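Structure record follows, encoded as structure tokens.
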Amino acid sequence: MPKEINKEIESQILDYLNEHEKLSTTDAVELFQLSESTIRRMFTRLENQKKVVRVYGGIILAEQDTHYRYEFVRQKNKEQKRAIGRYATKLIDGNDFIFMDCGTTTAYMANAISTAIREHRLSNSLHVVTNSLINLEILNSCCNVTLVGGKLFEERKSTADVLAINFLSQFHFSKAFLGADGMSFEHGFSTDNIYTCQLSRTAMLLSQKSYVLLDSSKIDQPSYVNYGGLDEVTGIITDDKITLEQQKLFFSYPLELHIAH
-10 MPKEINKEIE SQILDYLNEH EKLSTTDAVE LFQLSESTIR RMFTRLENQK
40 KVVRVYGGII LAEQDTHYRY EFVRQKNKEQ KRAIGRYATK LIDGNDFIFM
90 DCGTTTAYMA NAISTAIREH RLSNSLHVVT NSLINLEILN SCCNVTLVGG
140 KLFEERKSTA DVLAINFLSQ FHFSKAFLGA DGMSFEHGFS TDNIYTCQLS
190 RTAMLLSQKS YVLLDSSKID QPSYVNYGGL DEVTGIITDD KITLEQQKLF
240 FSYPLELHIA H
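Using this note's numbering, read the sequence shown as starting at -10 and increasing by one per residue.
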């Protein structure tokens, strides 16, 4: 294949990653109509150029500028995430002791909580435990916040490791609000980080009620590490772009489906 065509396809791969975050080898073969070996060579070249990082089954963009990367993800589907955050806030009261996961959608929830407390629609006696530096920054001035320690993952603005899991295991939460990088109806909710995954599962198991905040673009789009099945959470909070077919599939599981408008 001529070098010019190679470069053009590699540029298209990077454009795809900017929009979708991850690209599997299988999807790349279908998308670009190339052999698997050719795609793997392209992935290797991009990895050697430090433009991508290999993950199980495919590639993601290299985190060359983690602040920009977080901001990029935060801006994706932001109106849907904002609606989900506002809806989730209505499920808590001032006496709750809750866990809030890291992630851009839970950050929108943190903003909604802060607004509700300032407007006296929610008591400032609320206690939040979180592994998100963003949630801490937003909520620290308006309610009780405990930050989970551990290894800092700059690209996620969060902490997670074995020490974090051990620390979290001391608590019993009234509610947990969890993020996810993806989900499938067969395997449940997933992330692309094993420590974040384990922390989310620990919080889920330690909570009387657990809700997953998931914008509709992630439905039936699994990530790499599963942390819980659809039969293990109380409910899912998504946006009104969810299809009727997807709603029917959710209704076949023993969970609450909350749709934010």
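Every residue gets a Cβ at the ideal spot worked out from N, C-alpha and C, and that includes glycine.
Keep in mind the model is a prediction, meaning the values are calculated, not measured.
Query, Result
"Residues sharing a beta bridge with residue 104, DSSP", "None; residue 104 has no bridge partner."
"Extent of the continuous beta strand (DSSP E) run through residue 81", "Segment: none, residue 81 is in no beta strand (DSSP E) and carries neither H nor E."
"Segment contact, 8 Å Cβ cut-off, at least three pairs: the segment 106 to 122 with the segment 195 to 204", "no"
"Cβ contact check for the segment 149 to 157 and the segment 188 to 195: 3 or more pairs under 8 Å", "yes"
"Validate contact between the segment 170 to 177 and the segment 33 to 46 using beta carbons, cut 8 Å, 3 pairs", "no"
"CB contact flag (residue 215, residue 162, <8 Å)", "no"
"Beta-carbon contacts of residue 74 that lie in its chain and below 6 Å, excluding the five residues immediately before and after", "97, 98, 101"
"Residues bridged to residue 142 [DSSP beta-bridge criterion]", "147"
"Proximity of residue 225 and residue 240 at Cβ, strictly below 8 Å", "no"
"Of the listed residues 127, 180, 21, 138, nearest to residue 217 (C-alpha basis)", "180"
"For residue 3, the three-state DSSP class (helix, strand or coil)", "helix"
"Spatial distance of residue 157 from residue 220 (CA atoms)", "22 Å"
"N- and C-terminal bounds of the beta strand (DSSP E) containing residue 187", "First-last for residue 187: 183 to 194, but that is the alpha helix (DSSP H), not the beta strand (DSSP E)."
"Status (buried if at least 16 other CB within 10 Å, exposed otherwise) for residue 145", "buried"
"Burial state of residue 56, where buried means 16 or more other Cβ atoms lie within 10 Å", "Residue confidence is low: residue 56 scores 43 on pLDDT, short of 50, so the model does not pin down where it sits. No coordinate-derived value is stated."
"Environment of residue 164 [buried if 16+ CB atoms lie within 10 Å]", "buried"
"Through-space distance from residue 137 to residue 328, alpha-carbon basis", "A query on residue 328 cannot be resolved here, the shown segment of the chain reaching from -10 to 250 and no further."
"Every unbroken alpha helix (DSSP H) inside the segment 147 to 175 [4 residues or more]", "151 to 157"
"Alpha carbon of residue 251 to alpha carbon of residue 119, nearest angstrom", "Because the chain in this structure spans residues -10 to 250, residue 251 falls outside the shown range and cannot be described."
"Three-state secondary structure (DSSP) of residue 86", "strand"
"Start and end residues, alpha helix (DSSP H) containing residue 135", "Where residue 135 is concerned, there is no enclosing alpha helix (DSSP H), although the beta strand (DSSP E) it sits in stretches over 133 to 136."
"With 16 other Cβ atoms within 10 Å as the buried cut-off, status of residue 140", "exposed"
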